[in-house]
Amino acid sequence: MPFFQPPVSPPSSGIDLSGQTAVVTGATAGIGLEISRQLILYKVSNLIMAVRNTSKGQTVRESLLSDPAVNAGNSNVTIKVMELDTENYASVERFVSAYQLTFQDLHLLMANAGIGTAAKESASSGHEMDIQVNYLSNVLLTLALLPMLESTASKTNKPARVTWTGSRMYEKTSLAKKLPLQKGEGLLKHLNTAEGISMLQRYGDSKLFCVLFQLELAKHYHPDKVIINSFCPGLVNTGMTDGLPFYMRIPTNVMKALTARSPKQAGWIALNAAVVTGVETRRWRSRPNSLRARRDRRYRRCCGMRRLTKWREW
Ligand SMILES: NC(=O)c1ccc[n+]([C@@H]2O[C@H](COP(=O)([O-])OP(=O)(O)OC[C@H]3O[C@@H](n4cnc5c(N)ncnc54)[C@H](OP(=O)(O)O)[C@@H]3O)[C@@H](O)[C@H]2O)c1
1209 MPFFQPPVSP PSSGIDLSGQ TAVVTGATAG IGLEISRQLI LYKVSNLIMA
1259 VRNTSKGQTV RESLLSDPAV NAGNSNVTIK VMELDTENYA SVERFVSAYQ
1309 LTFQDLHLLM ANAGIGTAAK ESASSGHEMD IQVNYLSNVL LTLALLPMLE
1359 STASKTNKPA RVTWTGSRMY EKTSLAKKLP LQKGEGLLKH LNTAEGISML
1409 QRYGDSKLFC VLFQLELAKH YHPDKVIINS FCPGLVNTGM TDGLPFYMRI
1459 PTNVMKALTA RSPKQAGWIA LNAAVVTGVE TRRWRSRPNS LRARRDRRYR
1509 RCCGMRRLTK WREW
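Per this note's numbering, the sequence shown runs over residues 1209 to 1522.
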């Protein structure tokens, strides 16, 4: 990616999401908050903020509802805050059950919640935290909501949409370099336990898994009902790097000051991926020769889509 990021512009005008229901994960801050705001401005009818901290979610909901632009543009929007912590599978399952009980339709899922930690931390599943939060739970969430997305698509005669917030940091890591796996050792287990793998690469690893998953999914799942894609917003001025150790925060903050996009610009990129582009984006599009994922074929098999309907880790 060039040091100075190319300019971006708002999605084409004429987007009207009236009558649609959208779920945004990680809607309390940064890019997710801006995606929520822009969806409202494009007249989405129901917005579900899927957040890990519901009291923070309620505060953000109030601030959105009192935003003059929202009031002028879409005063009829219904905003609901629901609990979803992508740190654990049980929370994802609870969210999906609660959603299915409350809503009949889902037109758009924005799987945006994410973290970039430098510390070694495990999720309750035992998996490394970045991989759980950024990748594994998003796979479960997407697959569990797929039947409702499909039924909505059938009713409306228009594909439903799933868009993940990705990151080009996936290009900075290589799963292949983490070889060899021990005999009988699964890749996820290897990443949970392996010594000597830089924690700094875990964020990139988690986003690489996301790309690999979507590439594999595209081979098995025809997008006539649901279009699933990802986007990279570039470097964005959000609080995501606030938890990094200070020696990493200093260069990051300098980079952010010089080149970062605003959350608003990131929201434009997100909305473009989610409601403007079409089926051509169902695979991650990048410079073809730089797509490390294509080289990591062995790992594409490891995180390949074997079953769409039944969740199981492999
Ligand atoms: N900022 C960048 O430069 C950049 C670049 C490329 C990609 N991205 C991606 O953009 C996405 C959003 O990041 P951001 O920059 O907007 O960061 P952010 O400002 O830190 O926002 C992250 C959001 O995710 C939520 N979240 C974190 N862990 C969660 C969990 N376990 N369960 C549910 N929600 C959780 C946070 O909730 P709380 O408010 O409760 O903390 C917050 O709403 C991430 O997927 C990130 O990887 C960011």
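We treat Cβ as the ideally placed atom computed from N, Cα and C, and that holds for glycine.
Spatial distance of residue i from residue j (CA atoms)
{"i": "K1380", "j": "T1350", "result": "26 Å"}
{"i": "A1368", "j": "L1357", "result": "6 Å"}
{"i": "K1288", "j": "L1241", "result": "14 Å"}
{"i": "G1451", "j": "R1457", "result": "8 Å"}
{"i": "P1214", "j": "K1391", "result": "45 Å"}
{"i": "M1377", "j": "P1471", "result": "18 Å"}
{"i": "E1270", "j": "T1236", "result": "11 Å"}
{"i": "I1256", "j": "T1371", "result": "15 Å"}
{"i": "N1480", "j": "Y1455", "result": "35 Å"}
{"i": "I1435", "j": "V1268", "result": "29 Å"}
{"i": "E1336", "j": "E1329", "result": "6 Å"}
{"i": "D1432", "j": "T1364", "result": "12 Å"}
{"i": "A1501", "j": "V1300", "result": "For A1501, the predicted structure reports a pLDDT of 43, less than 50, and the residue's modelled location is therefore unreliable. The matter cannot be settled from this model."}
{"i": "V1483", "j": "A1465", "result": "30 Å"}
{"i": "L1309", "j": "L1292", "result": "15 Å"}
{"i": "Q1312", "j": "A1352", "result": "14 Å"}
{"i": "T1449", "j": "K1385", "result": "26 Å"}
{"i": "G1265", "j": "P1388", "result": "43 Å"}
{"i": "W1476", "j": "G1486", "result": "16 Å"}
{"i": "M1407", "j": "S1362", "result": "43 Å"}
{"i": "V1462", "j": "P1453", "result": "15 Å"}
{"i": "A1306", "j": "N1261", "result": "16 Å"}
{"i": "E1393", "j": "G1324", "result": "25 Å"}
{"i": "V1419", "j": "S1438", "result": "8 Å"}
{"i": "P1219", "j": "A1327", "result": "37 Å"}
Near ligand 1: residue i beta-carbon under 7 Å from a heavy atom
{"i": "T1350", "result": "no"}
{"i": "S1333", "result": "no"}
{"i": "K1472", "result": "no"}
{"i": "L1292", "result": "yes"}
{"i": "K1264", "result": "yes"}
{"i": "T1325", "result": "no"}
{"i": "P1441", "result": "yes"}
{"i": "N1365", "result": "no"}
{"i": "A1306", "result": "no"}
{"i": "M1356", "result": "no"}
{"i": "S1375", "result": "yes"}
{"i": "A1235", "result": "yes"}
{"i": "G1447", "result": "yes"}
{"i": "N1320", "result": "yes"}
{"i": "G1240", "result": "yes"}
{"i": "V1187", "result": "Nothing about residue 1187 can be reported from this structure: the residues present for the chain run from 1209 to 1522 only."}
{"i": "V1462", "result": "no"}
{"i": "V1341", "result": "yes"}
{"i": "V1444", "result": "yes"}
{"i": "E1295", "result": "yes"}
Contact belief for residue i with residue j at Cβ below 8 Å, rounded distance in angstroms
{"i": "T1294", "j": "S1345", "result": "4 Å"}
{"i": "S1263", "j": "T1286", "result": "That pair is no contact at about 19 Å."}
{"i": "F1417", "j": "I1339", "result": "7 Å"}
{"i": "M1318", "j": "A1478", "result": "7 Å"}
{"i": "T1467", "j": "F1212", "result": "6 Å"}
{"i": "S1375", "j": "K1415", "result": "4 Å"}
{"i": "L1272", "j": "R1245", "result": "6 Å"}
{"i": "G1412", "j": "T1373", "result": "Actually they are not in contact, since the Cβ atoms of G1412 and T1373 sit about 14 Å apart, beyond 8 Å."}
{"i": "S1274", "j": "Y1297", "result": "Rounded, the Cβ-Cβ distance is 35 Å, inconsistent with contact."}
{"i": "T1360", "j": "L1314", "result": "6 Å"}
{"i": "N1320", "j": "T1401", "result": "No, N1320 and T1401 are not in contact; Cβ-Cβ is about 29 Å, not under 8 Å."}
{"i": "L1316", "j": "A1230", "result": "4 Å"}
{"i": "P1441", "j": "I1239", "result": "6 Å"}
{"i": "L1249", "j": "N1282", "result": "7 Å"}
Three-way DSSP call (helix, strand, coil) for residue i in this model
{"i": "N1254", "result": "strand"}
{"i": "V1232", "result": "strand"}
{"i": "D1313", "result": "coil"}
{"i": "S1382", "result": "coil"}
{"i": "E1301", "result": "helix"}
{"i": "A1326", "result": "coil"}
{"i": "A1352", "result": "helix"}
{"i": "E1358", "result": "helix"}
{"i": "V1216", "result": "coil"}
{"i": "E1242", "result": "helix"}
{"i": "A1319", "result": "strand"}
{"i": "D1224", "result": "coil"}
{"i": "A1306", "result": "helix"}
* 3 or more residues per run - each beta strand (DSSP E) lying fully within the segment 1416-1489 -> 1434-1439
* Asked: In chain order, which continuous runs of the alpha helix (DSSP H) of length 4 or greater are located wholly inside the segment 1247-1295?
  -> 1262-1273 and 1276-1282
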